[in-house]
Amino acid sequence: GNGDDDDDDDEEFKPSSSWKRKRGGGGGGAGGAAHPHLQVPPPHSSSLSLSASHSSASHHPHPHPHPPQSRDHPPGPVVSGGTIDFPLSPVHSRLICTLCMGYFRDPYTIAECLHTFCKSCLFFAFRSGFRRCPECETSLEPDPFKEALSDRTMQTLVDKIFPHLKEKDDRDEREFYARRGIRMKRDHSEVEENAAKTEAG
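Numbering follows the UniProt record's numbering, with no gaps: position 129 of the sequence shown is 129.
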C-alpha cells in the first residue's frame, strides 16, 4: 500500500533459481549493493603484507624484496622476518559476498555447503522466502536460519587484510549514533577493560 516500503521491497525480491543474478547487478557500486561503502576494487597486481606481530599497522618500515616475476607463473607468497607478502588477486574472490558483490561484512557460512555471505544479504534472502543456498541451491529446509553460522574466522581474515574497512565501519557507526543523539552500546572488550580498572583501583 501507500507508504509501506517493506511490502515494495518484498515484491521486488522473487526467490527463484536465478535470483542472485537479478539482485544488484554486481560491481559493488551504490546502485544495488547492500553495502555501498564496501566497494570492491578490481583484483589487479597489488600485493599485501601480513605481519606475525599483533600490531595493527599494515605498513612496514623496511620493504621486503620480491623475487622476479615470471609471466608463466604468478608470484607466490614471500616469507621474510615474520612477514608474509603475497599477491591479493588469488584470494580476492574468496572474500566477496556473491549477493552484494562487496567484501564480507559479518559473514555467515551455511553449514551444509560451506558457502559464505554477508549476514544481512543472507538473512534478507531467508526472510523473503528463499530456503536454499543462494550459491549452490542446497536445500536448507525446514529452517534456513539454523543452517547459517557466524563465521568469525572469515571476518577476522577480512579485518586483517583490509583494516581500513573495519576502521571506516567503526567511524560510520560512531557518526550514525552521534547524528541521532543515541548512546552507542559498549564493546565487550571495553566493558572488561573498565571492570579490570575498577578492581585494580
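The beta carbon of each residue, even a glycine, is placed where N, CA and C say it ideally should be.
None of these values were measured; they are calculated from a predicted model.
query, result
"Distance, Gly-181 Cα to Asp-85 Cα", "43 Å"
"Arg-186 (DSSP reduced to helix, strand or coil)", "coil"
"C-alpha gap between Arg-171 and Ala-178, whole angstroms", "11 Å"
"DSSP state of Arg-174 mapped onto helix, strand, coil", "helix"
"Straight-line gap, Glu-175 to Phe-162 (C-alpha atoms, nearest Å)", "21 Å"
"Ser-128 - DSSP class collapsed to helix/strand/coil", "coil"
"For Thr-138, the three-state DSSP class (helix, strand or coil)", "coil"
"Which of helix, strand or coil DSSP assigns to Asp-85", "strand"
"Integer Cβ distance of His-115 from Cys-133, believed to fall under 8 Å", "5 Å"
"Option nearest Lys-146 by Cα separation, candidates Glu-135, Val-78, Arg-152, Ile-110", "Ile-110"
"Identity of the residue in Cys-136, Val-79, Pro-107 nearest Phe-123 by Cα", "Pro-107"
"Identity of the residues DSSP links to Cys-113 by a beta bridge", "Cys-113 pairs with nothing; no bridge assigned."
"Supposed close pair Arg-131, Ser-139 - CB separation, criterion 8 Å", "7 Å"
"Run of the beta strand (DSSP E) containing Leu-95, from where it starts to where it stops", "Per DSSP, Leu-95 belongs to no beta strand (DSSP E) and is neither H nor E."
"Inter-residue spacing [alpha-carbon to alpha-carbon] between Thr-128 and Pro-77", "As written in the sequence, residue 128 is Ser, which differs from the Thr given in the question. When rounded, the distance between both Cα atoms is 42 Å."
"Cys-97 to Ser-80 span [Cα, whole Å]", "32 Å"
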